[in-house]
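Residue 6 is where the sequence shown starts when you use the numbering used here, and the numbers rise one by one after that.
Ideal Cβ placement from N, Cα and C applies to all residues, glycine included.
Notes to accompany the following structure.
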Amino acid sequence: MSTLPTGDAIPAAGGLVPDAGAIPELFRGLFDDAAVFPPGNLPVAEAVPAHRAHRAAWYAEAVGPFLCGPGRLGELAAAAAGGAAAAGGPVTGGPVTGGARFRVGLVLPGGSTELAPALAAAAPFELAGVELATRDAAEAVAELDRLLPPDVPAAVELPRELLRGDGLDAVLDVLVDSAYRAKFRTGGLIAEAFPDEQELAAFLTGCARRGLPYKCTAGLHNAVRHTDRETGFEHHGFLNVLLAAQETDAAAAAAVLAERDGEVLAKAVRALTDRQVTVIRNSFTAFGTCSIAEPLGDLAALGLLSSPSPLPQEDR
C-alpha cells in the first residue's frame, strides 16, 4: 500500500514544517552540484564561483560537493585557486573555499582504470567522495578497497541493462557486503535514458530491503514527476524518490513514483516523522543536479522551504 496521504490527512507532530532560512533535515546535503555536466554544461570558470555562492548562501546546508570528472581537475584547480586569490584568500594548500579546501566529488565514467590517476590528481582538493561506473561490481569494489582512503565514501554505478531481473539482485548483493553505496541513473539526453517507475522501484526497494544506501543522478532536478514540455521525456521527481525510499514493496514504491500531484507529495512530506526522515535519508543520500536553483525553487513553490532572501537565479 502506498504511504501517500489521502483526503484531509493531518501532518504528524514530528512532520516537516519549514522555518524561514532553515533547511529541513530531509533536504540537507541532497543536491550535489553537477553544474559542469550535461545538460547544464556550465563552464568551470563560471561553475566555481556559482558553487562558492551556493556554499555561502542561507541554503548552503542543502548543497553537496562540486562534482567533477577526472579530465577537468586541472581546469578546476586553476579556477578554484584563482577565485580564492581574487577574494583575498590563501592559495597555498590547494584550492580553497571559505577558508577550506575546495570540496570535490570525483565522477569516474571510465571505470576502475581511472581511479588511481584521478585520486592523485584530486590531491589538492578535499575529496568528498568517488562515483565509479563499472560493468563489474566485484572488480570495482576490489579496486576501491585497494586504492580509496578509508575515510572517503564511494558509490558504484552499473549500466541499467545489468540491473534487471536477477542481475539487480546479484549487483546489490555484492554492494551490500562492501563499504560503498549504489548509484542509479535516472535520466539523460535521450528518452531511453529515463527508467519507468517499475524499473526505478525495483532498484529502490531492492536497496531498502538490504539496508543499502544509494544516490541517483540525472533528470531529477524538479520535485515532482512530470513530462518535459520541450523534450517529451518522462522525468522522475526527487520528492517522489524521497518518499518511495521508505518502501520495501515494489508496487507501493512504483505508485509513489508515478504521483504527479505536487500537493499530494507535499502533504506526504509534511506528514513524515523524524524517524521516517532518518530512514529515507539513510537510504537516498543525494543526487547530482546541474541546477541548484530549480530544486530549491520547486520546494519553495510547494511550501516546503521558506526563503529569508531571494533564491538563486537559474544556473543552467
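Just confirm the distance between the C-beta atoms of residue i and residue j, as a whole number of angstroms; I'd bet it's less than 8 Å.
i, j, result
"E202", "A143", "Going by Cβ atoms, the distance from E202 to A143 rounds to 29 Å, so no, they are not a contact pair."
"V229", "L270", "6 Å"
"T210", "A258", "5 Å"
"E136", "G110", "7 Å"
"L173", "L217", "Between L217 and L173 the Cβ distance is about 11 Å, and since that is not below 8 Å, they are no contact."
Is it the case that the Cβ atoms of residue i and residue j are separated by a distance below 8 Å?
i, j, result
"A187", "L177", "yes"
"V282", "L31", "yes"
"P317", "A62", "yes"
"A127", "L163", "no"
"L225", "I285", "no"
"A40", "A50", "no"
"T253", "A213", "yes"
"G134", "P155", "no"
"K220", "T139", "no"
"H240", "F199", "yes"
"A123", "L113", "yes"
"G293", "A223", "yes"
Residue range of the beta strand (DSSP E) that residue i falls in?
i, result
"F189", "R186 to R190"
"L309", "From DSSP, L309 is part of no beta strand (DSSP E); its letter is neither H nor E."
"V135", "E131 to A138"
Based on Cα-Cα distance, which residue from the options lies nearest to residue i?
i, options, result
"C295", "G237, P70, A138 and S288", "P70"
"L72", "L47, A61 and Y64", "L47"
"P75", "A298, E239 and F130", "F130"
"D38", "D303, G170, D141 and A298", "A298"
"A305", "K220, A255, L244 and R214", "L244"
"D24", "R275, F289 and P155", "R275"
"D150", "D279, G172, A256 and S117", "S117"
"V161", "F189, P155 and L152", "F189"
"L307", "S288, D266 and P43", "D266"
"G87", "A250, P122, R57 and P43", "R57"
"D303", "N287, E268 and P313", "E268"
"D141", "L153, R165 and L152", "R165"
I need the boundaries of the alpha helix (DSSP H) containing residue i, first residue and last residue.
i, result
"T283", "D279 to S288"
"P300", "A298 to A306"
"A228", "Note, A228: premise wrong, no alpha helix (DSSP H); not H, not E."
"V146", "A142 to L152"
"A121", "L120 to A126"
Does the distance between the C-beta of residue i and the nearest non-hydrogen atom of the ligand FMN fall short of 7 Å?
i, result
"R265", "With respect to the ligand FMN, the structure offers nothing, as it holds no ligand at all."
Q) Going along the chain, which unbroken runs of the beta strand (DSSP E) with 3 or more residues stay wholly within the stretch 159 to 213? A) Those beta strand (DSSP E) runs which fall completely within the stretch 159 to 213 and span 3+ residues are 159 to 162 and 186 to 190.
Q) Quick one: complete alpha helix (DSSP H) runs, 4+ long, within the stretch 241 to 268? A) Within the stretch 241 to 268, the complete alpha helix (DSSP H) segments of 4 residues or longer fall at 243 to 249 and 255 to 263, listed in chain order.
Q) Can you list the alpha helix (DSSP H) stretches of 4 or more residues lying completely in the stretch 25 to 97, in chain order? A) Fully enclosed alpha helix (DSSP H) runs of 4 or longer: 49 to 61 and 78 to 91.
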